[in-house]
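The block underneath contains the structure these notes are about, expressed in structure tokens.
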Amino acid sequence: MNIDSLLNNALVFDLETSSHYFDGTPINISTNFDDYVTHGKVKWCGIYSYKHKKEYYLEVSKDRQLIDDLFADHNILIGFNNEEFDYPILVNNGLIAKSQYITHVDCMKILGDSTFKDRRGFKYKGRGDLMGYDFKKNSLECIAETMGLEFQKSKIDYKIFYKDEYTEEEKKEITIYLRNDVMSNKGMFDKLWTYWMPFTDLIDWKDVINFSWIRSSIAALIYKSACFCMGVEATYSEHATKKEKMGGKVLLPKYEEARDVWIVDFSSLYAHIMCMFNLFAEVDEGTENAWHGNEMFKVKGYYDVSYKHKLAVEVVKKLKERFDLVKKYGKKHPMVQTLKIWLNALYGVLRSALFEKVHTPNGGWDTCWLGQQITDFAQSELETYGFEAIAGDTDSRMILAISKKHLDRDYLKTCLKQIIKKISANVPFPVETFDIAIETFCEYMLFPFADQDLVDKPTRKLMKKTVVDGYSEVMEDKKKIIIRTEDNKIVKRGRTWVKTRRGRKKNYLYLYKDKGELKVKLVGLPIKKSGATQLAIKMYKEILEPKILKEKTAKFSKEFVEGQLESYLKNKEILQLLSREFKIKPYESYRTPKCIKEGKEPTTIYAQISSGYFNKGDGVINLIKNYKVGNAGKGDKYCTLEEAIEAKLTLQDLDLEKVNNEIEPFIKYEETLTQDDKNAILEEDKQALLKELAKRGLA
């Protein structure tokens, strides 16, 4: 059997159904999913068979035998949410034998964002993100549109599937709708098949035929591949380890805005570290040839450097193969992407005790720690060459060119080569592909600063009970002052946690030139998040981005930005972009045991919407959060678009917290404290610090 012959057993399918309770009451799938599936009745079935290379759009009441035969003739079922919806309904309707062995390929779970989970609590696989897609939702419509498929989801009135007889016109409408669903599912699967195909050369054949290369999590796939490379069986430990605190080191931005900045990064830093330091070969302390660090690099574990571990050898091969492919074909070559994913994901495998054939007790920790030491050394060296490091991520640094010499790309390349040479001279197994690359030159960079607590949330929570290690408490004018002892910073005054204006990690914007054309790139900003409001996105695309490119700055006056927002909101179609969809269950379903015991009505916003808009029934509705009108909400109100227009809601009437958060990075900061306020705080802080130092005998 070859890889292509697998498709002869594959079938793409989609069902159109209706569902009633035994008393004839229709079941709302949005609010009562489980009941819908239990009572679901298949009316139409759409199928594409790879074996027959043919499409089928069949009415169950008339074509049942053909449907039975097609499912019996295929054991790989491809669909969208088919594992939890279509397949159980097929079984309940007797259209497929429950005993039949099936390999499920659920495109929603495979492509969908891994922050989501299925009904059993398993995370989606996140393959779409790795393929370069940014899905705003995990819906068929959104995924098909984002992937640019030939067939897109269409619209239909689902009440049509509650009928038992259809006119020829209705059959035509259903067939068109069903075909779009089936063929968009096929389009998704075909892209998955093509993109992940190179992985079939990196795993055992049994993992090819069970579709692990498409269906499994990336970590599980890379573990199977690593075991295949080492010639061992992939087995799994039952003993999980606690998540370690050691991670990558991020350099928070020094400035909110900067010009003439180079971004440099280590290519596959963690993969290089794992093989340069032989971290797969951890041994006990005292073992002969055990390496435990040197003057330049410190480690927690002990590693045998008398030989190069088999997996380290394989990593070096893959690093070289990727380097050669990029040089010859560029970064978009399919195998380049495959190797990038393989190399980047291996660190997670090494760190997880679940993957017992690769995991070592200290390998993951030392990968991170060595990464920190390497980037710290590179930063220090760059500063000796006259650059200024102003921000950085786990494997990169953003460095300011402070003179004309530092704008010279060749000069920077020479500096980077010297740094690599020094690092390589101090590792057990140097690797020729280890390098620091110049990612881009930024004409302008913005790192949006915002007020943030000096103390993180978990520590603040602990401080409710007691002052934790690393902090001290003094009294000043009957007010408790908490001081961080490592730098004598005051972090809390009375009941108020001190905030400071600073940037966030992985949160910036820059201007760069691509073939002579000035472009803007956003990284991690709120407006880039999958849940960003359509209003903020529209405003950025139409107003802010062109202005940024024109003026070569991304900070504008508050009056300008808020003025643009207000002008948008005068348009009722724009106002719709502020609405949020609510899927509402019947009012009584929100009555908790506590409500029943205390004889009270449910008060959740969902219960209020059920009462206010569905006469205590169920349904789906889009509502706008505001402070003035609506049939739901007590403090904040929720109203329909029509109610908002009728009430002539103004900018001040609307809850724009999320929109404001998304456009705030583009607003110039204005100081609100007077100089007298600042002086008063400084004097209070001074007295508190003197008391603290006196306690330590340092006054």
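Residue numbers for the sequence shown follow our numbering, so the first one is 563 and each next one is one higher.
Note that CB positions come from ideal geometry on N, CA and C, so glycine has one too.
- Distance from the Cα of A634 is smallest, within the candidate group I651, T1028, I664, for I664.
- Counting only runs that start and end inside the stretch 1083-1116, the alpha helix (DSSP H) elements of at least 4 residues fall at 1096-1101, 1107-1113.
- Listed in chain order, the beta strand (DSSP E) elements of length 3 or more contained wholly in the stretch 859-915 are 864-866.
- Annotation: N654 is outside any beta strand (DSSP E); the continuous alpha helix (DSSP H) that includes it extends over 649-654.
- In the structure shown, the three-state DSSP call for R626 is helix.
- Just so you know, the alpha carbons of N700 and A833 end up roughly 31 angstroms apart.
- About 6 angstroms separates the CB atoms of L1140 and L1097; that is less than 8 angstroms, so the two are in contact.
- Within the same chain, and ignoring the five residues on either side of D997 in sequence, the residues whose Cβ sits closer than 7 angstroms to its Cβ are S829, I982.
- The residue from R1022, M1025, R1046, K1023 with its alpha-carbon nearest to that of Y1033 is R1046.
- Taken in chain order, the whole alpha helix (DSSP H) runs of length 4 or more contained in the stretch 695-763 are 702-708, 730-758.
- The beta carbon of K882 sits closer than 8 angstroms to the beta carbons of E994, T995 from its chain, once the five residues preceding and following it are set aside; these are given in chain order.
- With a threshold of 16 other beta carbon atoms within 10 Å, P1010 meets it and is buried.
- Taking a 10 Å sphere around the C-beta of K1187, we find 16 or more other C-beta atoms and assign the residue as buried.
- No Cβ-Cβ contact shorter than 8 angstroms links F647 with C607.
- An exposed status is given to E1104, since fewer than 16 other beta-carbon atoms sit within 10 Å of its beta-carbon.
- The C-beta distance from S580 to Y724 rounds to 5 angstroms, short enough to meet the 8 angstroms contact threshold.
- In this structure M709 does not touch K671 by the C-beta definition: roughly 16 angstroms separates them, more than the 8 angstroms allowed.
- Contact between S779 and W904 does not hold, since their C-beta atoms are separated by about 14 angstroms, which reaches or exceeds 8 angstroms.
- I1099 and A796 have their C-alpha atoms roughly 45 angstroms apart.
- In chain order, I1207 place their CB closer than 6 angstroms to the CB of K1134, counting only its own chain and leaving out the 5 sequence neighbours on each side.
- Take the alpha-carbon of M838 and the one of P992: they are about 6 angstroms apart.
- L901 has its alpha-carbon roughly 12 angstroms from the corresponding atom of E876.
- Note on G1125: under 16 other CB atoms within 10 angstroms of its CB, so exposed under the neighbour-count rule.
- Assignment of beta-bridge partners to F1003 by DSSP yields W824.
- The alpha carbon of V1085 has as its nearest neighbour, out of K1075, L1185, D955, the alpha carbon of D955.
- Within the same chain, S623 come within 8 angstroms of D726 by CB-CB distance, once the 5 residues on both sides are set aside.
- Closest in alpha carbon position to W755, among L569, E800, I609, is L569.
- When only Cα atoms are considered, E712 and Q662 end up about 33 angstroms apart.
- In chain order, F633, L652 place their CB closer than 6 angstroms to the CB of I658, counting only its own chain and leaving out the 5 sequence neighbours on each side.
- Judged by DSSP secondary structure, S581 falls within the beta strand (DSSP E) whose first and last residues are 572-581.
- For M838, the enclosing alpha helix (DSSP H) covers residues 831-838.
- Membership of A782 in the alpha helix (DSSP H) is indicated by the continuous run 780-792.
- Following the DSSP letters along the chain, one finds G925 inside the alpha helix (DSSP H) bounded by residues 925-946.
- Under the three-state reduction of DSSP output, P1010 falls in the coil class, being neither helix nor strand.
- Inter-residue distance for P923 and E844 is about 8 angstroms (C-alpha atoms, whole angstroms).
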